[in-house]
Amino acid sequence: MSDHNPDGNDSLKLKTARTLKWNTIDRVASQLLYAVVGIVLANMLSQEDFGLVGALLIFQAFATILTDGGFGMALLQKKDVSQADYSSVFWLNLIAGSAIYAILWLAAPLIADLFQHDMRLIALSRWMFLSFVINGIALVQTTRLMKMMNVRQVAVANIIGLSAGGAVGILLAVRGAGPWALVWQTLAGAAVKTAWLWAKGGWLPDFTIRRSSVRSVLPVGSSLLATQMLNTACLHLYSFVIGVFYSLRSLGVYTQADKWSKMGSATMVQILTASFVPLLARFSDNPDTHRRYIRRINRFTAMLIFPALCGMALVGAPLFHTLFGHKWDAAIPLFQILAVRGIFVVLVQLYYDYAVSLGRSKAMMAIEIAKDAMLFVAIICTIFSRSVEILVWGQLAASLITFIFSLRIAASTTGYSQRRMLADLLPFAVMTAVAAAVAWAASCQISSPPLRLCAALAAGAGIYLLTLWLTRTPELPEMAGYLLGRFRKRRA
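First residue of the sequence shown: 7, per the numbering used here; consecutive thereafter.
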């Protein structure tokens with residue numbers, strides 16, 4: 007990604023590097039905080055506590071998407087955004103969020119009836135759902151900073167929000183608040199993050215909603231809304247099925263496995279989307295340059311996701327035993343399966359982002375429909391097994407099939423062939439397999455979970471980095487250059 011820009015735009019390269027750098031700092035710091043707080047709360051709260059809040063997260067996810075309406079990503083993709091555009095989206099977002107919260111407040115008793123008739127969910131939901139309204143108020147501030155490829159304040163807001171929320175959650179857990187510790191953790195984090203963005207964002211809305219502004223983002227926004235609704239429906243369908251047909255305790259186990267596995271895949275999706283969609287959108291009218299960046303992004307992504315997510319699966323048992331003892335043993339196989347699935351989740355999202363950068367709404371919808379249809383079929387095929395683990399194996403199979411379908415769509419949309427897409431991924435998959443074999447051999451005879459974990463990580467990371475260096479993989483020094491904001495010019 008350090009090749010000479012044919013347009014000679016060194017400023018763009020610097021902005022891209024800083025964006026990637028701060029997105030990485032944001033996600034790494036956020037995930038470290040999330041991990042520390044999560045470890046403490048997982049040891050203090052019960053599986054049922056996590057199941058109660060996990061049930062609410064299903065509805066919260068839909069509310070968040072409906073509040074956004076797809077306009078945030080539409081503004082990010084749009085080349086020229088005016089003050090009127092930002093203001094119109096802000097007010098629409100606030101109105102939609104308030105209306106959706108009112109509906110969910112009234113529906114709280116129905117939610118409780120749905121999940122084992124647990125009346126605790128009524129009060130929990132009415133407070134928990136306030137967080138999506140608070141987060142929605144910061145949507146335009148966040149989008150505006152990302153649009154300018156100036157994400158430093160977004161990173162700082164996320165970090166201090168997580169810190170504040172984590173402190174509140176731990177304090178309440180110590181005092182025996184149970185699931186309320188998780189609810190107030192979410193609310194406090196959202197409030198602090200939003201306050202920081204408004205204090206540092208440097209933007210205030212006009213008191214207007216212009217039809218022309220709404221119409222300018224509606225085509226992409228409506229397509230994104232539809233695809234995100236489908237995506238969220240299928241992603242949370244597993245939580246819904248487990249909570250309704252199994253038990254809140256089983257949902258708590260699944261929620262923990264899903265949460266920790268997503269610390270890898272979701273982090274990478276967020277870094278890549280925030281860093282590269284604005285960059286690729288700049289070259290949507292230049293197919294050759296667009297495809298050249300696709301190759302670089304493919305290889306860069308593969309270099310990160312294969313070792314990170316396969317490594318997570320490999321160390322699943324010693325990791326959980328080190329952090330939680332044997333309290334969450336039931337979550338370990340689920341975590342390992344979901345970690346491997348994360349590879350395909352990241353790649354499918356990457357191909358979706360290529361369509362977003364080109365404004366190809368039909369391709370975006372096709373990828374989303376394929377992903378959600380496969381997940382739905384997997385649930386139908388596995389729901390009668392009465393085994394959460396078999397349900398999760400179905401998720402992995404569905405994601406693999408979706409990857410194959412999305413690969414074809416991405417190749418057709420971008421003009422970058424399937425063969426070249428796969429060729430970009432293959433070297434890193436092979437190097438990861440070699441590193442994983444060495445890591446397993448180095449750790450399999452060690453009985454102590456912490457020592458086994460350290461041995462596997464050290465051996466796997468060492469062999470992988472050594473292989474990258476011996477094969478003179480150009481992405482290795484380029485990654486260091488991007489993280490440090492430095493470049494070496496060379497001609498394409």
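Note that CB positions come from ideal geometry on N, CA and C, so glycine has one too. In this text, all values refer to a predicted model and were calculated from it rather than measured experimentally.
For residue i, three-class secondary structure by DSSP
{"i": "Gln234", "result": "helix"}
{"i": "Thr200", "result": "helix"}
{"i": "Ile215", "result": "coil"}
{"i": "Pro293", "result": "helix"}
{"i": "Tyr252", "result": "helix"}
{"i": "Asn11", "result": "With a pLDDT of 46 at Asn11, under the threshold of 50, the modelled position of this residue cannot be trusted, and the question is left open."}
{"i": "Tyr299", "result": "helix"}
{"i": "Gln122", "result": "coil"}
{"i": "Leu482", "result": "helix"}
{"i": "Arg305", "result": "helix"}
{"i": "Leu39", "result": "helix"}
{"i": "Arg492", "result": "Here Arg492 scores only 47 on pLDDT, less than 50, and its place in the model is too uncertain to base an answer on."}
{"i": "Ser363", "result": "helix"}
{"i": "Val87", "result": "coil"}
{"i": "Val351", "result": "helix"}
{"i": "Tyr422", "result": "coil"}
{"i": "Arg150", "result": "helix"}
{"i": "Ala183", "result": "coil"}
{"i": "Ala263", "result": "helix"}
{"i": "Gln53", "result": "helix"}
{"i": "Ser453", "result": "coil"}
{"i": "Lys506", "result": "The structure shown does not extend to residue 506, since the chain is modelled only from 7 to 498, so the question has no answer here."}
{"i": "Val321", "result": "coil"}
{"i": "Arg497", "result": "Only weak support exists for where Arg497 lies, its pLDDT of 37 falling under 50; the value from the coordinates is given anyway. Coil."}
C-alpha distance - residue i paired with residue j, whole-angstrom precision
{"i": "Cys387", "j": "Ile373", "result": "21 Å"}
{"i": "Met437", "j": "Gln424", "result": "21 Å"}
{"i": "Tyr470", "j": "Leu463", "result": "11 Å"}
{"i": "Ile64", "j": "Leu310", "result": "29 Å"}
{"i": "Thr295", "j": "Arg302", "result": "11 Å"}
{"i": "Ser104", "j": "Ala35", "result": "31 Å"}
{"i": "His332", "j": "Phe326", "result": "8 Å"}
{"i": "Leu39", "j": "Thr408", "result": "32 Å"}
{"i": "Gly171", "j": "Ala196", "result": "8 Å"}
{"i": "Pro456", "j": "Pro339", "result": "19 Å"}
{"i": "Met370", "j": "Trp202", "result": "33 Å"}
{"i": "Phe135", "j": "Gly258", "result": "19 Å"}
{"i": "Ala467", "j": "Thr473", "result": "10 Å"}
{"i": "Ala439", "j": "Ser412", "result": "24 Å"}
{"i": "Phe68", "j": "Ala239", "result": "8 Å"}
8 Å contact criterion, which residue i and residue j should meet: CB distance rounded
{"i": "Pro417", "j": "Ala404", "result": "A quick correction: the sequence has Ala, not Pro, at residue 417. Between Ala404 and Ala417 the Cβ distance is about 21 Å, and since that is not below 8 Å, they are no contact."}
{"i": "Val174", "j": "Leu130", "result": "That belief does not hold up - the Cβ atoms of Val174 and Leu130 are roughly 16 Å apart, past 8 Å."}
{"i": "Phe77", "j": "Leu100", "result": "In fact, because the Cβ distance is near 12 Å, the residues do not count as touching under 8 Å."}
Buried versus exposed, by CB contacts within 10 Å (16 or more), residue i
{"i": "Gly57", "result": "buried"}
{"i": "Met152", "result": "buried"}
{"i": "Trp28", "result": "buried"}
{"i": "Tyr260", "result": "buried"}
{"i": "Phe251", "result": "exposed"}
{"i": "Met269", "result": "buried"}
Pick from the options that is closest to residue i, judged by C-alpha positions
{"i": "Ala379", "options": "Gln262, Thr30, Met235 and Trp209", "result": "Met235"}
{"i": "Gly348", "options": "Phe411, Pro293, Val275 and Phe382", "result": "Val275"}
{"i": "Ala345", "options": "Gln451, Ala361, Thr192 and Val398", "result": "Val398"}
{"i": "Leu193", "options": "Gln147, Arg366, Ile140 and Ile375", "result": "Ile140"}
{"i": "Ala465", "options": "Thr477, Ala447 and Asp212", "result": "Ala447"}
{"i": "Ile71", "options": "Pro115, Leu231 and Tyr422", "result": "Leu231"}
Residue i CB to nearest heavy atom of the ligand HEM below 7 Å
{"i": "Trp334", "result": "In terms of ligand content, the structure shown is empty, and the ligand HEM therefore cannot be addressed."}
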